[in-house]
DNA sequence: CTGTTAGCGCTTTCAG
DNA sequence: CTGAAAGCGCTAACAG
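Protein chains in written order, with the working numbering: chain A, 788 to 1129; chain B, 788 to 1129.
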């Protein structure tokens, strides 16, 4: 049932090599034979074995993608960018979900290595020196998306400037007259999406000489439920000195916070403004729609693949660990109101 | 740099076969050699080439997954189920996004065949006779998820009974006192998620002797924006005889519809009730939260893989085209109110 | 328990 | 322009 290149060769009275040529380098084959071979390929319904080819040419045309969790909403948008430029370059992508586990990340790296991927895109978790050994053994280019390297191993990364993005978000709030601004932060152990954004928040307040208070900060793991609960805690702590705005480190948490507010009968944005981070598709689905700072996820995916392809062609490209900051921007919707000073 | 099984064999003074054995069937190897080989594997950092192995054993431990679009929200939840049971059985999944294009589906099938996947899960688009040729040539088991086969090629499918689910949803609405119930349907060309659910809607109305009116039906492509626009159209047509409830063929459209209502100053559920289909995570994120009929997506994914694995072990399992209906259920949230008859 | 041999399906020199 | 032969890295009989 399984039909191979040899079968085609026999049927067409040529050698396997010739069949291979009409598939891969038809310009090297005489017109007549080309037609003849192509016909028998069609007739027999031959479809070349990509595995065998991969083994032979030592190249799989595959890029490996490690993501922290496929159920995170931002995955979809990132993937779209990655897949698109991969496909345009005849590359496929092999997906690995690390499920937010450090251990699984290691597994993923080994997995992708075993599958001879030609390059790897690593997302979301920061790379520490712990990975030096495994990375150097990998022998394929690796680029980072939405994260960066803190190890000694040089890795190019593509992401927004999370510090600046958070800073800008909070500055935006301040420009709208807000002074008592709370934050629902990611965990500070998450050095990028957690700690860095929190620092940006603090810096923006400081810049405007607004005192920073731990009372105004709560933490969550980026999910809707986390945002909901964090908001509830924030509310409890705020009995006397009420916040007029809350900045969340993810859209999901922002929407969770809005829901919490709603349940307590607090109106957004009338009583309190809410701002998110990411600009996922869900921002338009909440009521009110969510004002947020946008990360161009699709574009980041595109950049990452493009760079990877460059590295794969040209060995020398890979050895820098610069960060390519892709630009963020504020997307105004309905969840923030202007406070007029009285 | 690339280190092979032969390198390990040489370094450990054994044959490649022995190294292969300690990796795959350690029980067949003497304790001493096993230890020795394992040590040199570790020392050299050897990691077996899955491609070569695949070629040799004629099995890749991969299942191919064809989805209509990765940015559809339901993808994530389905994938979680698939990935989980795949992983537990040492299978990986190779993803292919058909991007809602018939042509890309064909490409996907060829792609997966070329990559020698051991089985295929096909989602969402109905299978017609057009696929008979390609499917029979595939030579690997195929199972359907969230769709079914209308061709002559026998294919087992796992999905909810969309007709019954829609019927139940609308009956639920009726039980809450609604009589003038509109529908935002998928396109009728989509035989499963479109036409079948619409039929369920009509049947439920009929059952309660409620007249069916085209005035009360609008169509969309399952997206938020489609729901929004469909609702707007529905509103225009309804100037005289107002609807008290709307049933949408997807959660996204339902949420879009609610947004439209919100923008027009119509309250949900006070003025009009809304019900969705799917029970995605976003249902809890809208305000009001969305009452819906749940498809157990994760479970469907699990079932599909499990069945596929069974087919792969036992050739005989595959040849039936039965439909395994997984049970749906209504999830009550806030978007439907009870109408007390006056 | 371990080594030898052949071969998975394809590509790629190297001749002709 | 085409064919023969070797080999990609691994596994699977088959001997021993």
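Don't be surprised by glycine CBs; every beta carbon is placed ideally from N, CA and C.
Starting from residue 884/A, find everything on chain B with Cβ-Cβ shorter than 8 Å and list it in chain order. As a first step, residue 884/A must be located in the first chain, where it is residue number 97. Near residue 884/A (Cβ distances below 8 Å), the residues of chain B are 870.
For residue 993/A, which residues in the same chain have their Cβ closer than 8 Å to its Cβ, ignoring the five residues on either side in sequence? In the first chain, residue 993/A corresponds to position 206, counting from 1. If we look at residue 993/A and ignore the five residues flanking it on each side, its Cβ neighbours are 999.
Residue 909/A (DSSP reduced to helix, strand or coil): Sequence index remark: in the first chain, residue 909/A carries index 122 (1-based). In the structure shown, residue 909/A sits in a strand (DSSP, three-state: E or B).
message: Please list, in chain order, the residues of the region 1005-1028 of chain B that have any C-beta partner in chain A closer than 9 Å.
response: 1011 and 1012
Residues near residue 899/A by beta carbon distance below 6 Å, same chain, minus five either side | Indexing the first chain from 1 puts residue 899/A at position 112. Within the same chain, residue 899/A has close Cβ partners 851 and 907.
#### Entry: Start and end residues, alpha helix (DSSP H) containing residue 989/B
Within the second chain, the letter at position 202 stands for residue 989/B. Run containing residue 989/B: 984-994, per the alpha helix (DSSP H) assignment.
(Q) Determine, for residue 842/A, whether the minimum Cβ-Cβ distance to residues of chain B falls below 7 Å. (A) Working through the first chain from its first residue, we reach residue 842/A at position 55. Chain B, which has a Cβ nearer than 7 Å to the Cβ of residue 842/A, makes this yes.
(request) Leaving out five residues on either side along the sequence, give the residues of the same chain with a beta carbon under 7 Å from the beta carbon of residue 904/B. (result) On the second chain, position 117 is the one that residue 904/B refers to. 847, 849, 850, 851, 881 and 927.
Hey, would you say residue 919/B sits closer than 7 Å to residue 895/B, going by beta carbons? In the second chain, residue 919/B corresponds to position 132, counting from 1. In the second chain, residue 895/B corresponds to position 108, counting from 1. No, these two residues do not count as a Cβ contact at 7 Å.
- Of the listed residues 889/B, 1092/B, 1115/B and 1111/B, nearest to residue 876/B (C-alpha basis): For this step, residue 876/B is matched to residue 89 along the second chain. Out of 889/B, 1092/B, 1115/B and 1111/B, 1092/B has the C-alpha closest to the C-alpha of residue 876/B.
Distance cutoff 7 Å, beta carbons only. Does residue 1074/B sit that close to anything in chain A?
For this step, residue 1074/B is matched to residue 287 along the second chain. Yes, because at least one Cβ of chain A sits closer than 7 Å to the Cβ of residue 1074/B.
Exercise. Whose C-alpha, out of 800/A, 1094/A, 982/A and 797/A, is nearest the C-alpha of residue 1110/A?
Worked result: Working through the first chain from its first residue, we reach residue 1110/A at position 323. Comparing Cα positions, the closest option is 1094/A.
Next item on the list: Could you spell out where the alpha helix (DSSP H) holding residue 1111/A opens and where it closes?
Entry: Sequence index remark: in the first chain, residue 1111/A carries index 324 (1-based). Residue 1111/A -> not in any alpha helix (DSSP H); beta strand (DSSP E) instead, spanning 1110-1112.
| Which ranges would you report for the beta strand (DSSP E) in the region 927-1008 of chain B if only whole runs of at least 3 residues count? | 929-932, 943-946, 968-972 and 1004-1006
Quick one: is the Cβ of residue 1039/A within less than 6 Å of any heavy atom of the ligand ZN?
-> Absence of the ligand ZN from the depicted structure is noted, as is the absence of any ligand whatsoever, leaving it without description.
- Message: Below 9 Å on C-beta distance, what does residue 832/B contact in chain A?
- Response: Residue numbering aside, residue 832/B sits at position 45 when the second chain is read from its first letter. 920, 921 and 924, listed in chain order.
Q.
By alpha-carbon positions, which one of 790/B, 1078/B, 1010/B and 956/B ends up nearest to residue 989/B?
A. Numbered from 1 along the second chain, position 202 holds the residue referred to as residue 989/B. The shortest Cα separation from residue 989/B among 790/B, 1078/B, 1010/B and 956/B belongs to 956/B.
Exercise. Keeping to the same chain, check which residues put their C-beta closer than 7 Å to that of residue 801/A; ignore five residues upstream and five downstream.
Key: As a working mapping, residue 801/A is identified with position 14 in the first chain. Answer for residue 801/A: 820 and 824, listed in chain order.
Practice prompt. Report yes or no: do three or more beta-carbon pairs, one from the region 1112-1120 of chain B and one from the region 1070-1086 of chain B, lie closer than 8 Å?
Written response: yes
What does the Cβ neighbour count give for residue 1065/A, buried or exposed, with the cut at 16 atoms within 10 Å? Stepping through the first chain from its first residue, residue 1065/A is reached at position 278. Its Cβ being crowded by 16 or more others within 10 Å, residue 1065/A is buried.
(message) Can you look up residue 1052/B in the DSSP assignment and give me helix, strand or coil?
(response) Counted from its first residue, the second chain places residue 1052/B at position 265. In this structure, residue 1052/B counts as coil in the three-state DSSP scheme.
Checklist line | residue 1062/B in three-state terms, based on DSSP | finding: The residue you call residue 1062/B lines up with position 275 of the second chain. It is a strand residue.
Using the rule of at least 16 other Cβ atoms within 10 Å of the residue's Cβ for burial, across every protein chain shown, is residue 836/A buried or exposed?
The residue labelled residue 836/A in the question sits at position 49 within the first chain. Buried, because 16 or more other Cβ atoms sit within 10 Å of the Cβ of residue 836/A.
| Pick from 1051/B, 861/B, 1045/B and 790/B: whose alpha carbon is nearest that of residue 832/B? | Within the second chain, numbered from 1, the residue matching residue 832/B stands at position 45. Nearest of 1051/B, 861/B, 1045/B and 790/B to residue 832/B, Cα basis: 790/B.
Find out if the Cβ-Cβ distance for the pair residue 807/B, residue 901/A is shorter than 7 Å.
-> Translated into the one-based positions of the second chain, residue 807/B becomes position 20. Translated into the one-based positions of the first chain, residue 901/A becomes position 114. Contact: no.
| query | At a Cβ threshold of 7 Å, is residue 1035/B touching chain A? | reply | Here residue 1035/B is taken as the residue at index 248 of the second chain, counted from 1. No - not a single Cβ of chain A is within 7 Å of the one on residue 1035/B.
Quick one: what does DSSP say residue 883/A is sitting in, helix, strand or coil?
Along the first chain, one-based indexing puts residue 883/A at 96. Residue 883/A falls in the strand class under three-state DSSP.
Exercise. Could you confirm whether any beta carbon from chain B is found closer than 7 Å to the beta carbon of residue 1061/A?
Key: Within the first chain, residue 1061/A is the residue found at index 274, counting from 1. By this cut-off, residue 1061/A is not an interface position.
- Consult DSSP for residue 849/B and reduce its assignment to one of helix, strand or coil. The count along the second chain starts at 1 and reaches residue 849/B at position 62. Here residue 849/B sits in strand by DSSP.
Discussion item. Please state whether the Cβ-Cβ distance between residue 915/B and residue 950/B is less than 7 Å.
Written reply: Mapped onto the second chain, residue 915/B falls at position 128. Mapped onto the second chain, residue 950/B falls at position 163. Cβ distance not < 7 Å, so residue 915/B and residue 950/B don't count as in contact.
**Request:** From the DSSP output, in three-state form, read off residue 833/A for me.
**Result:** Here the question's residue 833/A lines up with position 46 in the first chain. Three-state result, residue 833/A: coil.
Of all the CB atoms in chain B, is at least one closer than 7 Å to the CB of residue 1053/A? As a position in the first chain, residue 1053/A is number 266, starting the count at 1. Chain B, which has no Cβ nearer than 7 Å to the Cβ of residue 1053/A, makes this no.
Run of the beta strand (DSSP E) containing residue 1079/A, from where it starts to where it stops: Looking up residue 1079/A in the first chain gives position 292. Start and end: 1078-1081.
Could you have a look at residue 1033/A and say whether DSSP puts it in helix, strand or coil?
Sequence index remark: in the first chain, residue 1033/A carries index 246 (1-based). Of the three classes helix, strand and coil, the one that applies to residue 1033/A here is strand, per DSSP.
key: Chain-order list of residues whose beta-carbon lies under 8 Å from that of residue 1107/A (same chain, five-residue window excluded)   = The sequence position of residue 1107/A within the first chain is 320, counting from 1. Answer for residue 1107/A: 941 and 943, listed in chain order.
Q. By DSSP, does residue 921/A sit in helix, in strand, or in coil?
A. The count along the first chain starts at 1 and reaches residue 921/A at position 134. Reduced to three states, the DSSP call for residue 921/A is helix.
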